[in-house]
Structure formats: C-alpha cells, structure tokens
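The working numbering puts the sequence shown at residues 411 to 712.
The C-beta atom is built at its ideal place from N, Cα and C for all residues, glycine as well.
Please read these numbers as outputs of a predicted model, since none were measured by experiment.
Only one structure is covered here, and it is reproduced in the block below.
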Amino acid sequence: MTPVRCETKAGLVFINMDDEAPPLAERIGLPDGYLEQYRMDRMHVVRHVVAEWGANWKNGVDAFYETYHLHAIHPQTQGVMADIGTQYDLYPHGCQRMIVPIGRKSPRVPDQDGVDESLRYMMASEGMDADAFQGTAADVRAAIAQHKRRRAKTLGFDYDHFTDGQLTDSWATGVFPNVQIGMHPEGCFLMRFMPHPTNPQRFFYDAMTLFRPADDPNYKAPDWMGVPDGTDLTGASRPDTEHVPFGGEANLGEVLDQDVQLLNDVQVGTRSRGFRGCLWGEQEQRLRHYQREVDRYVNGEK
Numbered sequence: 411m412t413p414v415r416c417e418t419k420a421g422l423v424f425i426n427m428d429d430e431a432p433p434l435a436e437r438i439g440l441p442d443g444y445l446e447q448y449r450m451d452r453m454h455v456v457r458h459v460v461a462e463w464g465a466n467w468k469n470g471v472d473a474f475y476e477t478y479h480l481h482a483i484h485p486q487t488q489g490v491m492a493d494i495g496t497q498y499d500l501y502p503h504g505c506q507r508m509i510v511p512i513g514r515k516s517p518r519v520p521d522q523d524g525v526d527e528s529l530r531y532m533m534a535s536e537g538m539d540a541d542a543f544q545g546t547a548a549d550v551r552a553a554i555a556q557h558k559r560r561r562a563k564t565l566g567f568d569y570d571h572f573t574d575g576q577l578t579d580s581w582a583t584g585v586f587p588n589v590q591i592g593m594h595p596e597g598c599f600l601m602r603f604m605p606h607p608t609n610p611q612r613f614f615y616d617a618m619t620l621f622r623p624a625d626d627p628n629y630k631a632p633d634w635m636g637v638p639d640g641t642d643l644t645g646a647s648r649p650d651t652e653h654v655p656f657g658g659e660a661n662l663g664e665v666l667d668q669d670v671q672l673l674n675d676v677q678v679g680t681r682s683r684g685f686r687g688c689l690w691g692e693q694e695q696r697l698r699h700y701q702r703e704v705d706r707y708v709n710g711e712k
C-alpha cells in the first residue's frame, strides 16, 4: 500500500495528503489538553452513518456552526436548550467551538420556572427520578451535573477535571476544514462533511457516534445520543457503516431531518442571482471565522 502521512491526537487518527504541511500540533489550534480530557481513546464507535445531502459541503459545515436557527427550524429544542447567548471561542487556523447550555430553557420560552415534559425527559434520560425532583426549571441543569458526578464515581469514571458545564452542555468543536465533534463525557459525535466527488451541490454527512461503556449493565447511552435500541454498546464489535443515498431515510432523528430540508433550501438560495456573498451577523462568528480561513486557502494566502 502507498504510505500516507499520519498523526494521532486524543485517540483520533489524522491523515494528511500533503507531505510538506505543518505538523498537526501546529494546525489544530485548540487549547492544549482540551480534546484529551474527554478520553475518546476509551470510547467505541457504536454507530456510523454516511448520508448524501443536497448542499455544498461548506454549507453543511455552516449549518452546525450557530444556534440562532434553532427556534425556527428546531422549535422542539426550546424547552432544553438555551439558544440565545451561546459562547463562541475562536482559535487559530480556522478552529473554533461553541458552548450550548443543555438542561436550560431558551430565553424565548415564556414560562421560565415550570419543569415541563422536556426537562423531565432530560432528567429521566440521565437516570434521574424526575418525579422526585424539587426545584424550578432553573435548577435542572445543575441537578443533572451533580447527578452525573455521583454516578461517575460508581461507574469508575473520573469526572473531577470537568466543569459542571462540560457535564451538561454541548461543546461543539470545529477542526478545520471539515470536522465537528460534539463533546460529552459519555460519548462524542464525530461529524465529517465530505465533498461529493462530482457534484458540488451535494455532500456526504459522515457521522460516527462514540460511546464510553461501563461495567455496570444498567448503564446505557442517554436518549439524547440517539442510539437505536439494541445497539451493542460494549465495544466488542464495530457496527457496519450505514450508507444512505440522496433522499433516503437515515433515521438520524427529527432534528437532523429538519437540517436536511434546511440545507436543501440554503443551497437553492446560494445559486440565486441575488446572492453576492454572506453578510455575517454577530451570532455568526464561527461561520465568519471558518469561511475567512477557507478564503485564505482559495486566495493563495496559505
């Protein structure tokens, strides 16, 4: 076989087709030790789906780099995700992340105190007794974090180095040019946005669900991870990759089905005579940072 340049970081294998490119450590841009603390090297791929979507791969990246579309495209998330005031962290070489509070209502929801079905479902998914919970909606996120710390000790996991926010929230981390990792202590979502070989108006959404198993047979993946019933979570075997053709049913959940439709519409819009380039808003810092790095390569600055 023809050798290819290869480096590893945090349990992930990176290949590079350019033998003259700088080392991975110089280009990944993220804070030292950030990826490593999630121990992805102890996780296993429990599901792998490759689905063809109707948009350019860069539009695919953009759709996962902001939260302001949630209230319009994913209204069902408003009860458990604080979509306003998301923290954006920008790093060198196009890398970045956003921290989305989970277990907290969107500020758009009129009732900020009541513990509704969405929050009860979230607690039950984490193994909590939602019926026994005493407190308001504002107390749920902290209660989930405390529950996870207690459970981690019984499972033999070390969560002491995580902040409470890391135990509850989505730390969606972008590695330039086409990778996003949804970081969670229980498992990670590794997403790659792969260009179509012949059609620039389509791309392949390549998604791997990683899960860290425990010896406790009662410990399972939280429902929000979307792992189908009956999935082997032990890591004893790697599942076959599910290939979904364009227009096919990927069974990735309601939210991603909505994203598929959104991207179809966005792609049509970018082909309009009226579209002359993006006008970035304040909530599009990640997109602007990412697309500016793309421009540097396209324009020969890098």
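Check residue i in the structure and name its three-state DSSP category.
i: W463; result: strand
i: E417; result: strand
i: E652; result: strand
i: I483; result: helix
i: V456; result: strand
i: Y531; result: helix
i: Y707; result: helix
i: R507; result: strand
i: Y700; result: helix
i: V423; result: strand
i: I494; result: coil
i: M371; result: The shown model of the chain, from 411 to 712, leaves out residue 371, and the question about it has no answer.
Run the CB neighbour count on residue i, radius 10 Å, all protein chains shown included, and call it buried at 16 or more, exposed below.
i: F614; result: buried
i: I425; result: exposed
i: N709; result: exposed
i: G464; result: buried
i: N466; result: buried
i: H653; result: exposed
i: M411; result: exposed
i: T496; result: buried
i: M427; result: exposed
i: E659; result: exposed
i: L666; result: buried
i: D669; result: buried
i: G443; result: exposed
i: Y448; result: buried
i: C688; result: exposed
i: H571; result: exposed
i: K563; result: exposed
i: N628; result: exposed
i: D579; result: buried
i: E536; result: buried
With distances taken from CA atoms, which of the options is nearest residue i?
i: G513; options: W634, L697, G640; result: W634
i: L672; options: L434, V471, V456; result: V471
i: G736; options: T608, V490, G495; result: Beyond the ends of the chain as shown, which are 411 and 712, falls residue 736; an answer cannot be given.
i: V423; options: Q447, D451, R437; result: D451
i: F685; options: G691, E692, Q677; result: Q677
i: Y501; options: R702, G597, T641; result: R702
i: N609; options: E664, M601, E462; result: E462
i: V550; options: Q506, A534, P433, H454; result: A534
i: K712; options: E430, V585, K419, T418; result: E430
i: G663; options: V459, V455, L440; result: V459
i: G566; options: E536, H594, R622; result: R622
i: Q556; options: P511, N469, M538, R681; result: M538
i: T619; options: H606, D625, Q590; result: Q590
i: G545; options: P433, R698, R530; result: R530
i: V455; options: R559, C416, T651; result: T651
i: Y498; options: Y700, R706, E596; result: Y700
i: R437; options: G584, D574, L480, M508; result: G584
I'd like the span of the beta strand (DSSP E) that includes residue i, first residue to last.
i: L449; result: The residue asked about is misnamed: residue 449 is Arg in this sequence, not Leu. Premise fails: R449 is in no beta strand (DSSP E) and is neither H nor E.
i: D675; result: Looking at the DSSP string, D675 is not in any beta strand (DSSP E); the run it does join, the alpha helix (DSSP H), is 664–680.
i: Q497; result: 497–500
i: L643; result: From DSSP, L643 is part of no beta strand (DSSP E); its letter is neither H nor E.
i: F543; result: Taken as a continuous stretch (DSSP letters only), F543 belongs to no beta strand (DSSP E), as it is neither H nor E.
i: D616; result: 613–621
If you follow the alpha helix (DSSP H) that residue i is part of, which residue opens it and which one closes it?
i: A435; result: 434–437
Can you give, in chain order, each stretch of the alpha helix (DSSP H) that sits fully within the stretch 559–602 and has at least 4 residues? 574–578
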